[in-house]
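Sequential numbering from 13 applies to the sequence shown in our numbering. For reference, the structure is listed below as structure tokens.
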Amino acid sequence: SLTGHVQVTLAEQPEWQIDLQSSKLNLDNLLPHHSAVAQTGGAVSQGQNTLPLTRPVIASRVGAPPYQGLQSFTAEIALQADSVRWRGMDFTQVSTKMSNQAGLLDITELQGKLADGEMSLPGTLDARTASPRIEFHPRLNHVEIGTILKAFNYPISLTGKMSLVGDFSGADIDAEAFRHSWKGKAHVDMSNTRLEGMNFQQLVQQAVERSGGDAQQSQENMDNATRLDRFPPDLPRNKGPLPHADRGGRSSLLAV
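Spelled out as structure tokens, the structure:
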């Protein structure tokens, strides 16, 4: 439920004043979206046969320039929620402040906590022309990467704590657009990282043994997983997959 006040001044360009609070907000119920998990022969297949996500409610009618509806009003919006559920993720202490000035949406504050991590996503959406420009400046601190990968149905069994400082820009607020056409850069620091399904330490040990050398053995490297205590890459992004730039990691048995 939501409490607070909503005020509108009717004019050629309506002026909205919105200030809302909620103890518990479930966006999964309010904003339906297609599941990206497909059923194939009774088995769940992640990351395949994905359907496009529903466009945000600020999108305009079909055939109109994207987000053109923002040009028709001005608004000052504030929202606070004790807990918010979105794509299966449970956020707490969520706070949002944004303003719209006839097509220039300024998100000055969009932040919350995810478990013991913190997230902030300020940005702008300029829809005053037929070619919108969107900029976001994500800041993540000690967030569990596995939770985010699962929420967006990435078929990667990776866990660990991630901190990120980035700047990204694009023309559409959409997961597929971000993967393929957004630009930007970020510094990412990951700790206690675990990648299931491939144990690089064990592969190296076996190769050394086959060559007649001695290899350190421990219970750690017998798991079917790769562990890195620290993984600090700098990631430039330019329309497409992330390049392997300035990436490295280290554990007690392996440095990459």
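Built from N, CA and C at the ideal position, the CB exists for glycine as well.
Its Cα nearest to that of V200, the residue M174 stands out among S193, A183, D186, M174. Contact between the segment 21-38 and the segment 80-90 is present: 3 or more CB-CB pairs across the two stretches fall below 8 Å. The alpha-carbon separation between A189 and F180 amounts to approximately 12 Å. Counted as a single uninterrupted DSSP element, the alpha helix (DSSP H) harbouring I160 occupies residues 157-163.
Beyond the five residues adjoining it in sequence on each side, A93 comes within less than 6 Å, by CB distance, of S34, L37, V106 in the same chain, given in chain order. V20 sits exposed, since fewer than 16 C-beta atoms from the chains shown fall within 10 Å of its C-beta. Residue nearest to M131 within the set P144, N153, S95, D40 is N153 (criterion: CA-CA distance). In the displayed model, H154 falls within a strand according to three-state DSSP.
With distances taken between CA atoms, L207 lies nearest to S169 out of S169, P78, A187.
Judged by DSSP secondary structure, A198 falls within the beta strand (DSSP E) whose first and last residues are 195-208.
In this structure P144 is buried. Its beta-carbon is surrounded by 16 or more other beta-carbon atoms within 10 angstroms. Here L133 has I119, L122, Q123, F148, H149, P150, R151 as same chain residues with Cβ atoms under 8 Å from its own Cβ, once five neighbours each way along the sequence are excluded. Here H149 carries a coil assignment [DSSP, helix/strand/coil].
For R191, the enclosing alpha helix (DSSP H) stretches over residues 187-192. In its chain, beyond the 5 residues on either side, G135, T136, L137, D138, S181, G182, A183, D184, I185 have a beta carbon closer than 8 Å to the beta carbon of I146.
D179: member of the beta strand (DSSP E) spanning 170-182, first to last residue. DSSP places L42 inside the alpha helix (DSSP H), whose first and last residues are 39-42.
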